[in-house]
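S.K.: Numbering (this note's numbering), first residue to last: 2 to 393. Glycine residues also receive a C-beta, built at the ideal position from the N, C-alpha and C atoms. The structure under discussion is supplied below as structure tokens; questions concerning it will follow.
See below:
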């Protein structure tokens, strides 16, 4: 096993900068996910760790050993690619054995007939076969060793790719969007298998994805990246509930977070979406704020008033136990989305006027430029109360 230290990594392709001063510490045995949209630099960073790309600046250490300038095979890492990278003319067994064959047998020993004449070749080949068989059985593909990739399903090909990495017993696993080619049901199954694999092996995993569900379910910590910058590194739940800035809040969550423009009144009150909320009082009257409210922070209210948003139902998405209700609210350019329990809101229909209250501990405050506003009230969320109570 090995820790990873990334210090000030930068990478440019000609005039285009794809990574800017990225620093990150990954603990021994940790499962860390690099999460971000396509083109944010996460796969480039992974390839730098693997030695497949050379950084423009900065340094990388794996297991307290500087690996800058080392070839991929010298870094004690194994990479699983999005495309599986299996050789179609080789069997599953031969594909999985390839890293060991290349490492332990010379070019002459690998010759089909003459190689067997070299002393020790048969013994090494038998050891490789045993390791491949053991790993294949652990992954549930022992019965597929004689098949070729074209005869396998997507999930089976992914297991072969993982098995090829496992036989090397690397200190670090690097996985680049390994589930993106699978259908939704199989992705859920493979997520669980990768999580169990990490728990069983106990080695360091660095995983790249644009899928927040993968990041949230698999990771010990998530590193959110955007446009070559590392925005926040934290456990999944903290990323969701306590984002560092508006960009992180917008990227995490489905349905997406609601962003409401507000103006500070006197005495710490804000006008927002046709109602009045009491929030952090540290802002000057007339200051502009953006309130971030997750869909699940809303609840049905009996009537309008302070702390309650009123809108017209545009559409309702039935999700089984939940409803995603889209509301047109005066003064908002986009519909507000509320996630409500279906059993408590069975009669909601398009065109209906709806009143929704807000859970005060779930409101996030941002400046209009996107920086998180923190303070005595903001540290535990905003508070919602009628104006008459606020004035007492």
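#1: Please report the straight-line C-alpha distance between residue 349 and residue 253, rounded to a whole angstrom.
#2: Taking all protein chains shown into account, decide if residue 214 is buried (16 or more other Cβ within 10 angstroms of its Cβ) or exposed.
#3: Identify the residues that DSSP records as bridge partners of residue 428: which are they?
#4: Please confirm if the region 199-214 is in contact with the region 161-177, defined as three or more CB-CB distances below 8 Å between the two stretches.
#5: Taking the DSSP output, what are the residues bridged to residue 57?
#6: Helix or strand or just coil, what does DSSP make of residue 182?
#7: Can you tell me where the beta strand (DSSP E) holding residue 49 begins and where it ends?
#8: Tell me which same chain residues have a C-beta within less than 6 Å of the C-beta of residue 255, skipping the five on either side of it?
#9: If we ignore side chains and look at the alpha-carbon of each, how far apart do residue 163 and residue 351 end up?
#10: Between residue 85 and residue 159, which are expected to be in contact by the criterion C-beta below 8 Å, what is the C-beta distance as a whole number of angstroms?
#11: Taking the Cβ atom as the reference point for each residue, do residue 314 and residue 353 lie within a distance shorter than 7 Å?
#12: In the DSSP assignment, what residue or residues form a beta bridge with residue 235?
#13: Measuring alpha carbon to alpha carbon, tell me which of 100, 49, 238, 250 ends up nearest residue 165.
#14: Determine the extent of the beta strand (DSSP E) in which residue 252 is found, giving its start and end residues.
#15: By DSSP's criteria, residue 326 is part of a beta bridge. Which residues make up the other side?
#16: Assign residue 333 to one of three DSSP states: helix, strand, or coil.
#17: On a CA-only basis, which of 16, 169, 66, 193 is nearest residue 6? Give me that one, please.
#18: What residue range does the beta strand (DSSP E) around residue 126 cover?
#19: Let's see if you can read the secondary structure: which residues bound the beta strand (DSSP E) around residue 163?
#20: Below 8 Å on the Cβ atoms is my contact criterion, and I expect residue 161 with residue 142 to pass it. Report the Cβ-Cβ distance as a whole number of Å.
#21: Roughly how many angstroms separate the alpha carbons of residue 38 and residue 359, rounded to a whole number?
#22: From this set, 347, 367, 34, which residue's C-alpha is nearest residue 326's C-alpha?
#23: What residue range is occupied by the uninterrupted alpha helix (DSSP H) comprising residue 93?
#24: Do residue 334 and residue 275 have their C-beta atoms within less than 7 Å of each other?
#25: Measure the CB-CB distance between residue 15 and residue 59 and report whether it falls below 7 Å.
#26: Within 10 angstroms of the Cβ of residue 120, are there 16 or more other Cβ atoms? Answer buried if so, exposed if not.
#27: Determine the extent of the beta strand (DSSP E) in which residue 356 is found, giving its start and end residues.
#28: Indicate whether residue 267 and residue 286 have their beta-carbon atoms separated by less than 7 Å.
#29: Let's see if you can read the secondary structure: which residues bound the beta strand (DSSP E) around residue 300?
#30: Over what stretch of residues does the beta strand (DSSP E) that includes residue 146 continue unbroken?
M.R.: Based on what the coordinates show:
#1: Within the chain shown, residue 349 is the residue found at index 348, counting from 1. Within the chain shown, residue 253 is the residue found at index 252, counting from 1. In a straight line, the C-alpha of residue 349 is about 27 Å away from that of residue 253.
#2: By 1-based counting over the chain shown, the position of residue 214 is 213. Exposed, because fewer than 16 other Cβ atoms sit within 10 Å of the Cβ of residue 214.
#3: The first residue shown for the chain is 2 and the last is 393, placing residue 428 beyond what the model contains.
#4: With the cut-off at 8 Å, the region 199-214 and the region 161-177 touch.
#5: Indexing the chain shown from 1 puts residue 57 at position 56. Residue 57 is not bridged to any residue.
#6: Position 181 of the chain shown, counted from the first residue, corresponds to residue 182. In the structure shown, residue 182 adopts coil according to DSSP, grouped into three states.
#7: Looking up residue 49 in the chain shown gives position 48. Here residue 49 belongs to no beta strand (DSSP E); instead the alpha helix (DSSP H) covers 43-51.
#8: For the purposes of this step, residue 255 is identified with residue 254 of the chain shown, where counting begins at 1. There are no such residues.
#9: For the purposes of this step, residue 163 is identified with residue 162 of the chain shown, where counting begins at 1. For the purposes of this step, residue 351 is identified with residue 350 of the chain shown, where counting begins at 1. Each residue's Cα considered, the two are about 48 Å apart.
#10: Within the chain shown, numbered from 1, the residue matching residue 85 stands at position 84. Within the chain shown, numbered from 1, the residue matching residue 159 stands at position 158. That pair is a contact at about 6 Å.
#11: Taking the chain shown and counting its residues from 1, the one referred to as residue 314 is at position 313. Taking the chain shown and counting its residues from 1, the one referred to as residue 353 is at position 352. Yes, they are a contact pair.
#12: Indexing the chain shown from 1 puts residue 235 at position 234. DSSP lists 223 as the beta-bridge partner residues of residue 235.
#13: For the purposes of this step, residue 165 is taken as residue 164 along the chain shown, with counting starting at 1. Selected option, being the one with the closest Cα: 100.
#14: Counting from 1 along the chain shown, the entry for residue 252 is found at position 251. No beta strand (DSSP E) holds residue 252; the alpha helix (DSSP H) holding it covers 247-252.
#15: Counted from its first residue, the chain shown places residue 326 at position 325. Residue 326 pairs with 317, 339.
#16: Indexing the chain shown from 1 puts residue 333 at position 332. Assigned with DSSP and collapsed to three states, residue 333 falls in coil, not helix or strand.
#17: Taking the first residue of the chain shown as position 1, residue 6 is located at position 5. From the listed residues 16, 169, 66, 193, the smallest Cα separation to residue 6 is found for 66.
#18: Taking the chain shown and counting its residues from 1, the one referred to as residue 126 is at position 125. Run containing residue 126: none in the beta strand (DSSP E); it sits in the alpha helix (DSSP H), 122-139.
#19: Within the chain shown, residue 163 is the residue found at index 162, counting from 1. In this chain, residue 163 is not harboured by any beta strand (DSSP E); it is covered by the alpha helix (DSSP H) spanning 155-167.
#20: In the chain shown, residue 161 corresponds to position 160, counting from 1. In the chain shown, residue 142 corresponds to position 141, counting from 1. The C-beta distance from residue 161 to residue 142 rounds to 6 Å, short enough to meet the 8 Å contact threshold.
#21: Here residue 38 refers to the residue found at position 37 of the chain shown. Here residue 359 refers to the residue found at position 358 of the chain shown. Rounded to whole angstroms, residue 38 to residue 359 spans 30 Å at the Cα level.
#22: Taking the chain shown and counting its residues from 1, one reaches residue 326 at position 325. Answer by Cα proximity: 347.
#23: Working through the chain shown from its first residue, we reach residue 93 at position 92. Run containing residue 93: 93-105, per the alpha helix (DSSP H) assignment.
#24: As a position in the chain shown, residue 334 is number 333, starting the count at 1. As a position in the chain shown, residue 275 is number 274, starting the count at 1. The Cβ atoms of residue 334 and residue 275 lie no closer than 7 Å to each other.
#25: Position 14 of the chain shown, counted from the first residue, corresponds to residue 15. Position 58 of the chain shown, counted from the first residue, corresponds to residue 59. Result no, Cβ atoms of residue 15 and residue 59 do not sit closer than 7 Å.
#26: Within the chain shown, numbered from 1, the residue matching residue 120 stands at position 119. So residue 120 counts as exposed.
#27: For the purposes of this step, residue 356 is identified with residue 355 of the chain shown, where counting begins at 1. First-last of the beta strand (DSSP E) with residue 356: 354-359.
#28: Taking the chain shown and counting its residues from 1, one reaches residue 267 at position 266. Taking the chain shown and counting its residues from 1, one reaches residue 286 at position 285. Cβ atoms of residue 267 and residue 286: closer than 7 Å.
#29: Taking the chain shown and counting its residues from 1, the one referred to as residue 300 is at position 299. According to the DSSP assignment, residue 300 belongs to the beta strand (DSSP E) that extends over 299-301.
#30: The residue you call residue 146 lines up with position 145 of the chain shown. From DSSP, residue 146 is part of no beta strand (DSSP E); its letter is neither H nor E.
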